[in-house]
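In this note's numbering, the protein residues as written are 165 to 300. For glycine and all other residues, C-beta sits at the position ideal for the given N, C-alpha and C. Read the structure below first, then the notes.
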Ligand SMILES: [Zn+2]
């Protein structure tokens with residue numbers, strides 16, 4: 165699933181759960197659940213590079229917006245980082261990506277190359293942001 169979806173939902177988790185450890189843990193659990201929902205992922209490697217670059221750019225932008233609008237609490241960022249940590253570890257760290265854990269995390273995800281499945285990420289982003297700003 166897109167990093168942007170995890171940043172959006174992780175922020176919502178971190179804004180609800182006031183305990184940083186619990187927010188981080190729930191971020192991980194929710195990430196693993198989110199990844200099980202069928203979602204878009206490009207098939208061709210060259211498209212995947214652009215998709216990832218746009219995704220990471222938008223994610224960094226959203227995190228900057230979070231900071232600028234005043235989300236500074238430890239539990240908030242623990243929710244975001246908990247949700248991001250699954251991909252940071254299983255995709256970002258090459259030996260883990262190639263090990264059994266990384267392969268398991270890759271194979272358990274229903275990736276669909278049809279663009280209509282971008283709606284899955286869109287729904288998670290809208291739900292996360294709505295939840296986040298609806299609670300303020
Ligand atoms: Zn993931």
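- In the displayed model, residue 235 falls within coil according to three-state DSSP, outside both helix and strand.
- Distances from the alpha-carbon of residue 252 to those of 236, 186 and 269 put 269 closest.
- In the DSSP annotation of this structure, the continuous segment of the alpha helix (DSSP H) that includes residue 198 starts and ends at 184-198.
- Check the Cα spacing between residue 185 and each of 283, 238 and 256: the tightest is with 238.
- Within the model, the alpha-carbon separation for residue 249 versus residue 232 is close to 22 Å.
- Our two residues, residue 219 and residue 190, have alpha carbons roughly 23 Å apart in a direct line.
- Around ligand 1, the residues selected by a Cβ distance under 6 Å to any of its heavy atoms are 165, 195, 199, 250 and 251, following chain order.
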